[in-house]
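In what follows, a structure is listed as structure tokens, so that the remarks can point back to it.
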Amino acid sequence: MSRSSKDNPRRFYGRRAGHKLHASQAALVESLLPEIRIDPSRRIKDLRNLFPNDVNEVWLEIGFGAGEHLLWQARENPETGFLASEPYINGVAKVLTAVDRDRIGNVRLYDDDVHHLFDGLPDNSLSRVFVLFPDPWPKKRHNKRRIVSPFLIAHLARVMPPGAELRFASDIPDYVDWTLRYMQNSPTFAWTACTPDDWRRRPPDWPETRYEKKAVEAGRPAAYLSFRRI
Ligand SMILES: C[S@@+](CC[C@H](N)C(=O)[O-])C[C@H]1O[C@@H](n2cnc3c(N)ncnc32)[C@H](O)[C@@H]1O
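See the structure below:
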């Protein structure tokens with residue numbers, strides 16, 4: 001199904017800023033962010049052209065928080081290009097600091113709602129997408145704010161080719177059920193788990209995030225779901 005952001009029934013509900021940025025972070029937001037920022041109004045023919053070095057494929061992380069997972073994946077996979085969106089500027093600033101310090105060339109950022117990006121992305125252009133510990137919105141009346149929705153799934157189905165992988169994690173059982181329900185109702189993705197360990201254990205190529213650490217310490221184990229684009 002083709003969707004346009006003009007149909008977007010959603011808006012961003014989370015926090016955009018926390019404590020004041022350090023002077024060095026504010027300087028990077030001014031200088032480095034414009035250099036590596038994805039322009040959502042630009043239609044991009046081949047996402048690989050966004051990166052200065054050759055990349056074989058492109059992955060997307062939605063809501064990267066403080067960026068631990070994104071930076072780990074970018075360092076581990078130098079031949080993959082990473083698009084990553086996060087409206088929380090303090091998280092963006094943390095990633096900019098690491099990108100600048102370690103000269104990480106395979107990350108491109110969008111400092112706002114990921115839904116704005118989809119219109120500019122070509123069909124079948126992302127071979128992996130991560131949605132890790134999305135904001136839980138546990139109250140029933142807030143459930144509709146959850147980022148996993150038929151709207152997001154329709155966008156992902158267009159930009160991910162058959163065989164591409166969607167990784168989702170949450171420590172909120174109701175959100176895990178919610179995601180399984182929506183994904184299993186979608187003819188475009190299949191859950192890959194065969195045994196309970198496939199979703200109870202985090203795979204070795206999937207590092208812990210800050211949010212996950214807090215959840216596990218608070219006694220809330222996570223579920224790790226992997227879906228294959230059919
Ligand atoms: C609970 S935090 C988890 C952060 C990180 N993935 C982790 O595991 O530590 C969820 C993040 O998703 C971001 N987020 C929420 N809605 C978003 C949207 N529409 N587009 C991009 N990011 C979003 C929030 O700003 C927040 O940083």
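Take 1 as the starting number for the sequence shown in this note's numbering and just add one per residue. Glycine included, every Cβ here is placed at the ideal spot set by N, Cα and C.
Output yes or no for whether 8 Å exceeds the beta carbon distance between residue i and residue j.
i, j, result
"Glu208", "Asp171", "no"
"Ile62", "Val129", "yes"
"Gly163", "Arg43", "no"
"Asp113", "Phe12", "yes"
"Glu79", "Asn56", "yes"
When you compare only the Cα positions, how much space is there between residue i and residue j?
i, j, result
"Pro52", "Gly105", "7 Å"
"Ala98", "Leu71", "8 Å"
"Pro187", "Lys20", "45 Å"
"Trp178", "Arg16", "25 Å"
"Ala169", "Arg201", "11 Å"
"Pro173", "Ser85", "25 Å"
"Ile89", "Ala66", "10 Å"
"Asp100", "Glu35", "11 Å"
"Lys214", "Asn77", "26 Å"
"Ala240", "Pro161", "Outside the shown range of the chain, which is 1 to 230, sits residue 240, and nothing can be said about it."
"Pro203", "Arg167", "11 Å"
"Lys140", "Asp54", "46 Å"
"Phe133", "Asp102", "26 Å"
"Asp135", "Lys45", "31 Å"
"Glu165", "Leu180", "15 Å"
"Pro40", "Asp205", "29 Å"
"Glu217", "Leu109", "30 Å"
Counting only the same chain and skipping the five closest in sequence on each side, list residues whose C-beta sits under 7 Å from that of residue i.
i, result
"Ala74", "Phe82, Ile104, Asn106, Val107"
"Ala93", "Leu21, Gln25, Leu28, Val29"
"Pro87", "Phe12, Gly14, Arg16, Asp111, Asp112, Asp113"
"Trp137", "Asn143, Arg145, Arg146"
Grab me the residues of residue i's own chain with a C-beta within less than 8 Å of its C-beta, minus the 5 sequence neighbours each way, in chain order.
i, result
"Ala23", "none"
"Glu68", "Pro207, Glu208, Thr209, Arg210"
"Leu47", "Val58, Gly81, Leu83, Leu121, Pro122, Ser125, Leu126"
"Tyr182", "Val148, Ser149, Pro150, Ile153"
"Gln184", "Trp191"
"Ile230", "Pro162, Pro187, Thr188, Phe189, Ala190"
Does the beta-carbon of residue i, which I'm using as the reference point, lie nearer than 7 Å to any heavy atom of ligand 3?
i, result
"Ile147", "By its list of ligands, the structure shown excludes ligand 3, since it contains just ligand 1."
For residue i, collect the residues of the same chain with a Cβ closer than 6 Å to its Cβ; drop the 5 residues on either side in sequence, then sort them by chain order.
i, result
"Gly18", "Asn90"
"Val176", "Ser170, Ala223"
"Thr192", "Ser226, Arg228"
"Val95", "Gly67"
"Arg220", "Asp171"
With 8 Å set as the bound, which would you pick, yes or no: does the beta-carbon of residue i sit closer than that to a beta-carbon of chain D?
i, result
"Leu33", "Of the protein chains in the structure, only one exists, and it is not chain D."
Assess, as a yes-or-no matter, whether the region 19–35 is touched by the region 54–68 under the definition of 3 or more beta carbon pairs within less than 8 Å. Taking 8 Å as the limit for Cβ pairs, the verdict is that the region 19–35 does not touch the region 54–68.
Closer than 8 Å is the cut-off here; do at least three beta carbon pairs connect the region 153–162 with the region 122–141? yes
Given 8 Å as the limit, is there contact between the region 192–201 and the region 136–148, that is, 3 or more CB pairs closer than that? no
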